[in-house]
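Undergrad: Let me give you the structure first, and then I'll get to my questions.
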Amino acid sequence: MNTDSKPLNTAASKPGKAELAKMFREFIDPQFVITDEETLKPYECDGLSMYCVMPLLVVLPETVEQVQQVMRLCHQFGIPVVARGAGTGLSAGAMPDAGGVVLSLAKFNRILHIDPLARSARLQSGVRNLAISEAAADYGLYYGPDPSSQIACTIGGNVGENSGGVHCLKYGLTTHNILSVEMVTVDGERVVIGSDGLDTCGMDLLALITGSEGLLGIITEVQVKLLPTPEIARVVMAGFGTVDEAGAAVGGIIAQGIIPAGLEMMDSHAIIAVEAFTGAGYPVEAAALLLCEVDGTKEEVQEHIEKAEALFRDFGATSIRTSKDDAERALIWKGRKNAFPAMGRISPDYYCMDGTIPRAHLGQVLNEMQDMSKRFGLRVANVFHAGDGNLHPLILFDANKEGELARAEAFGSDILELCVKVGGCITGEHGVGVEKIRQMPMQFTDPEIEQLNAVKSAFDPQGTLNPGKGVPTLRNCQEYRAINAKPQAPEVQHA
Amino acid sequence: MPDITKHLQQQISEARNQGHKLAIVGGGSKQFMGRKINAEQLDVGGHSGIVDYQPLELVLTVRAGTPLSEIETALAEKNQMLSFEPPYFGDRSTIGGTLACNQSGPGRPWWNSVRDQVLGVNLINGKGERLRFGGQVMKNVAGYDVSRTQAGAMGTLGVMTEISLKVLPRPAITLTLSREMEHSEAIRFMSARAAEPKPLSGACWLDGTLYLRLSGAHSAVEATAKQWDIPVMANGDTFWQQLRDQQLAFFAGEQPMWRFSINSTAATPSLKGPWLLDWAGSQRWYRGDGEMATMEAHAEKAGGQVSLYRGGDRTGEVMHHQQPALQAIQKRLKHSFDPDALFNPGRLYSWL
Ligand SMILES: Cc1cc2nc3c(=O)[nH]c(=O)nc-3n(C[C@H](O)[C@H](O)[C@@H](O)COP(=O)(O)OP(=O)(O)OC[C@H]3O[C@@H](n4cnc5c(N)ncnc54)[C@H](O)[C@@H]3O)c2cc1C
Ligand SMILES: Cc1cc2nc3c(=O)[nH]c(=O)nc-3n(C[C@H](O)[C@H](O)[C@H](O)COP(=O)(O)OP(=O)(O)OC[C@H]3O[C@@H](n4cnc5c(N)ncnc54)[C@H](O)[C@@H]3O)c2cc1C
């Protein structure tokens, strides 16, 4: 990085919107430098629409050289840059900066190379997650991490959030499934981190970049590992009379030495809503439902499915159904995949939280959440990655009713605090963004926050990459702690 | 064993006040790795013991000085294992040294590396502060992934005091298949087998022989062995253990040993001397003299990097060079964790 390229950074020298757009239009197709209010509007937020900010302007570069030039210019003038993939993030990570540029990677949508023998693929960062597996399918391969948003979200965004999905318990998160990234630094240098090999010398910068929420650099290319498509996969759906029994069965499966390809859980609110929406045949009388997928060779899957069915029965399952073919498997998963839209039908709004807990506390945490639900006067539905202990409580509310949004946010904050209390953390896969920056001091001490900020400075000394996200300043931490110390739950009548 | 974190903090503060440098030593047995340095010893081997083990959670938390043998024993009682198969000898290898050097065994392409299985670390930075990153849960994206950044940093970022790891169930059965095969055919053959959805867990070539390991459910392993039609080897487990711990004859002797981490399908660099191919071709060992720059050119042509793992000149650079912009970032990172450059100065790179 060039250390003598000091920012001019004075009010006089900082170009205005029109001037900056003019500079960008000299090297980017003018139609991809967006300045008018109407076209800017769709960029004002990501998937978390509670947090909206209009950017100064949006650019959609088409080449790495253009990205480099954008970065050099912004670095020179101290202008904030926010990288944006598909904007499906749920923590306002890609929310614009009012005085800054949104750098969209939408034009970086080419699959550059698939190497079936080396089991890897080189992709531009705007390639959609699902498109990778679709392209690899010709070779009997697929890409492991499968966020529920995989139809839309990009591999660059996946690296930004270290995204996971149903398959993560067995096949890992993004961090386990990438070999290298090409990145443009804040001052416009093009660097490659990682290689075709499984590791490289020196500090593991690839680990730092993964999950860094666009705060350390702009990712332009990603090389991912591909996995052989399993011979067969089958899913067991088991209904339980209580949440505790289902929680215990999750531990039971692992104790058998079986690592399911996916192990998902839903509570009764979710089961009922989803069944009404998809008609997948879920047992609506159950208090909790487990979906346990096993994949591998035909022989192995047969062996493990039999073990899983027997085990669920021992743990008190009230209903068991196992997919006989891929069509039935898809039907069973259809419910889980449509869980979020299904909530939209039973509530005007919902707020999706994302915390992780040690699995042993599943029952306790779900029960405590129901108590909180009464206290806050808001319903909460649960559908989540039970195998990883990654909860996604959906707090149902109506934004048009006075105070409900604020109550939903306070409820969410209490849930995260509970996660940290039982040994978990405030985000499993959605990231901190703007949304959870207030909760960071729950999980980290001041020296830890200071160290994280120092890591950021090693990549971005001026702090112009996605400012205000991910890690709070020390001063803000103290404020947040003071606020969090006040009693949170407002006195409300039971719903 | 007692918790000596406070004592370590004191030693660090003292060294800082007196302007001393510190060489972090776990089992003290890996001195052959990295560059030669001159510093006072900071012994973390005394900081040992299993802090928490939850078999149902698949999570183990240990002090960094805990010997691998102690960990293996505790896990075996619950029929679990460290899936990255760290190399170890006797009682001296510690988990801290294993992570700092990013050491993983033959199963690495299928069962992940030590870096991949880390969930969280506690460490003391150069200011003597105790910091905790990550945790004991499978997924955690709050803050930067400082835990995994320790892998391969060789103790230049701080003294790890506690490490949480994901552990895995032991496979029900393991079989080793072996047959004679020529070098370049073996590369293609290993890659082709690795692209099949079969329970492969090891693929190595040495001295004209290919070795494949299958691990998993009985039914799956036996059916695959039959289908591939490669002879089953007696005492296969001993072979993989000796490969893991670098006890095979290939590893003995004074010749410098180079480690290539490259594209698994790349042609092997044309160098005269013995080669051992592990990780289905992704990790290749070479014994012989060579210039660092020449070796780097070979590695880059094969899509990866090289290090002078053992022997040779330990005063020059022994790790693949860094791109200037990445070198600058690593210097600043080092400074952010260890502003007075107390820990292992020059162990990884002369400039770090
Ligand atoms: C090829 C090979 C040969 C081996 N030969 C022998 C042998 O002859 N005898 C033997 O006893 N063992 C031997 N070993 C085992 C080896 O020592 C272990 O693999 C390894 O775990 C070393 O652990 P250690 O604690 O001894 O590391 P150390 O040698 O103490 O340390 C290795 C590196 O990690 C850093 N480090 C260690 N602990 C920490 C920590 N807590 N925080 C931060 N940084 C830390 C050190 O500063 C150093 O840079 C050998 C291993 C291999 C791979
Ligand atoms: C219905 C729904 C379901 C979801 N399910 C899951 C799930 O199962 N698992 C999961 O992990 N997430 C899930 N998400 C969240 C989201 O889809 C993921 O976090 C996804 O990885 C974001 O990708 P994106 O391309 O939309 O990124 P964006 O939202 O555009 O950006 C996300 C972050 O990454 C940064 N970023 C994006 N591209 C780059 C780049 N090229 N270089 C540097 N930084 C970049 C941004 O600045 C931002 O901080 C879900 C979201 C929705 C709406």
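In order, the protein sequence lines correspond to chains H and S.
Going by our numbering, the first sequence opens with residue 1, and the numbers climb by one from there.
Going by our numbering, the second sequence opens with residue 1001, and the numbers climb by one from there.
The beta carbon of each residue, even a glycine, is placed where N, CA and C say it ideally should be.
Taking 8 Å as the cut-off, does the stretch 1145-1158 of chain S touch the stretch 1186-1206 of chain S (at least 3 CB pairs, one atom from each stretch)?
TA: Too few Cβ pairs lie closer than 8 Å, so no.
Undergrad: Apply the 10 Å Cβ neighbour rule to S:Leu1008 and answer buried if 16 or more other Cβ atoms are within range, or exposed otherwise.
TA: Counting Cβ neighbours within 10 Å, S:Leu1008 comes out buried, since at least 16 surround it.
Undergrad: Report yes if the CB atom of H:Leu90 is closer than 8 Å to the CB atom of H:Cys352, and no otherwise.
TA: Closer than 8 Å, so yes.
Undergrad: For a test of the three-state rule: what should DSSP assign to S:Thr1315, helix, strand or coil?
TA: S:Thr1315 falls in the coil class under three-state DSSP.
Undergrad: Just to check, is the beta-carbon of H:Gly194 closer than 7 Å to a non-hydrogen atom of ligand 2?
TA: Answer for H:Gly194: no, Cβ out of range of ligand 2.
Undergrad: Between which two residues does the alpha helix (DSSP H) containing H:Gln76 stretch?
TA: Its alpha helix (DSSP H) spans residues Val64 to Phe77.
Undergrad: Interface residues of chain S around H:Val432 at Cβ under 8 Å?
TA: The contacting residues are Val1141, Ala1142 and Gly1143.
Undergrad: For the stretch 190-213 of chain H, enumerate the residues whose C-beta is nearer than 8 Å to any C-beta of chain S, in chain order.
TA: Answer in chain order: Val191, Val192, Ile193, Ser195, Asp196, Gly197, Leu198, Asp199, Thr200, Cys201, Gly202, Met203, Asp204, Leu205, Ala207, Leu208, Thr210, Gly211 and Ser212.
Undergrad: Excluding five sequence neighbours on each side, which residues of the same chain lie with their C-beta closer than 7 Å to the C-beta of H:Gln66?
TA: Taken in chain order, the residues that qualify are Phe27 and Ile28.
Undergrad: Please report whether the beta-carbon of H:Val492 lies at a distance below 8 Å from any beta-carbon of chain S.
TA: Unreliable placement is indicated for H:Val492, whose pLDDT of 39 sits below 50; the coordinate value is still reported in the next sentence. Cβ-Cβ to chain S under 8 Å: no for H:Val492.
Undergrad: Taking DSSP as the reference, what is the three-state secondary structure of H:Glu285?
TA: Correct three-state label for H:Glu285: coil.
Undergrad: Pull up the distance between the alpha-carbon of H:Arg84 and that of H:Asp196, whole angstroms please.
TA: The straight-line gap from Cα to Cα measures roughly 26 Å.
Undergrad: Would you list, in sequence order, the uninterrupted beta strand (DSSP E) runs of no fewer than 3 residues that lie entirely inside the stretch 1077-1110 of chain S?
TA: Qualifying beta strand (DSSP E) stretches: none in this window.
Undergrad: Quick one: is the Cβ of H:Leu105 within less than 7 Å of any heavy atom of ligand 2?
TA: Answer for H:Leu105: yes, Cβ within range of ligand 2.
Undergrad: H:Val181 to H:Leu362, Cα distance in whole Å?
TA: Those two C-alpha atoms are separated by around 36 Å.
Undergrad: Quick check on DSSP: helix, strand or coil for S:Thr1294?
TA: If DSSP states are grouped into helix, strand and coil, S:Thr1294 belongs with the helices.
Undergrad: Determine contact between the stretch 1046-1061 of chain S and the stretch 1073-1083 of chain S, defined as no fewer than three beta-carbon pairs at a distance below 8 Å.
TA: These segments touch.
Undergrad: Using beta-carbon positions only, say whether H:Lys17 and H:Leu56 come within less than 8 Å of one another.
TA: In this structure, H:Leu56 lies closer than 8 Å to H:Lys17 by Cβ.
Undergrad: Pairs of beta-carbons, one from the stretch 1316-1328 of chain S and one from the stretch 1274-1285 of chain S, closer than 8 Å: are there three or more?
TA: No, because fewer than three Cβ pairs between the stretch 1316-1328 of chain S and the stretch 1274-1285 of chain S fall closer than 8 Å, the two stretches do not touch.
Undergrad: Measuring only between beta-carbons, confirm whether S:Glu1196 sits less than 8 Å from chain H.
TA: So yes, S:Glu1196 belongs to the interface.
Undergrad: Classify H:Ala489 as helix, strand or coil using the three-state DSSP reduction.
TA: Bear in mind that a pLDDT of 44 at H:Ala489, under 50, signals an unreliable position, so the number given afterwards is only what the model happens to contain. H:Ala489 falls in the coil class under three-state DSSP.
Undergrad: Which bits of chain H does S:Leu1348 rub up against, with CB to CB less than 7 Å?
TA: Near S:Leu1348 (Cβ distances below 7 Å), the residues of chain H are Gly202.
Undergrad: Taking 8 Å as the cut-off, decide whether the C-beta atoms of S:Ala1266 and H:Pro116 are in contact.
TA: Going by C-beta atoms, S:Ala1266 is not nearer than 8 Å to H:Pro116.
Undergrad: Buried or exposed, going by whether 16 or more other CB atoms sit within 10 Å of the CB of S:Ala1203?
TA: Answer is buried; the Cβ neighbour count reaches 16.
Undergrad: Give the interface partners of S:Ser1184 over in chain H, defined as CB-CB distance under 7 Å, in chain order.
TA: Result: empty, since nearest Cβ-Cβ is about 13 Å, beyond 7 Å.
Undergrad: Check S:Lys1334 in the structure and name its three-state DSSP category.
TA: Three-state result, S:Lys1334: helix.
Undergrad: Pull up the distance between the alpha-carbon of S:Thr1005 and that of S:Glu1162, whole angstroms please.
TA: In a straight line, the C-alpha of S:Thr1005 is about 9 Å away from that of S:Glu1162.
Undergrad: At 9 Å on the CB atoms, spell out the chain S contacts of H:Leu499, in chain order.
TA: Residue 499 of chain H is absent from the model: chain H starts at 1 and stops at 495.
Undergrad: Might you give, ordered along the chain, the residues of its own chain that have their beta carbon closer than 6 Å to the beta carbon of H:Cys201, omitting 5 neighbours on each side?
TA: Excluding positions up to five away in sequence, the list is empty.
Undergrad: Check the Cβ of S:Asp1116 against every Cβ in chain H and list those closer than 9 Å, keeping chain order.
TA: Per Cβ cutoff of 9 Å: Gly172, Thr175 and His176.
Undergrad: Between the stretch 1217-1232 of chain S and the stretch 130-140 of chain H, do three or more beta carbon pairs fall short of 8 Å?
TA: No contact exists between the stretch 1217-1232 of chain S and the stretch 130-140 of chain H.
Undergrad: Whose CA, out of H:Ile132, H:Thr322, H:Ala255 and H:Gly257, lies closest to the CA of H:Gly281?
TA: Measuring from the Cα of H:Gly281, the nearest candidate turns out to be H:Thr322.
Undergrad: Measuring only the C-alpha atoms, how far is S:Leu1206 from S:Gly1304?
TA: Roughly 21 Å between the two C-alpha positions.
Undergrad: With respect to the beta strand (DSSP E) encompassing S:Tyr1286, which residues constitute its N-terminal and C-terminal limits?
TA: Unbroken beta strand (DSSP E) run through S:Tyr1286: Gln1283 to Arg1287.
Undergrad: Compare the C-beta of S:His1298 with all C-beta atoms of chain H and state if any pair is closer than 8 Å.
TA: No - not a single Cβ of chain H is within 8 Å of the one on S:His1298.
Undergrad: Using a Cβ-Cβ cut-off of 8 Å (strictly less than) and excluding sequence neighbours within five positions of S:Lys1331, which residues of its own chain qualify?
TA: Only Trp1351 and Leu1352 meet the Cβ criterion.
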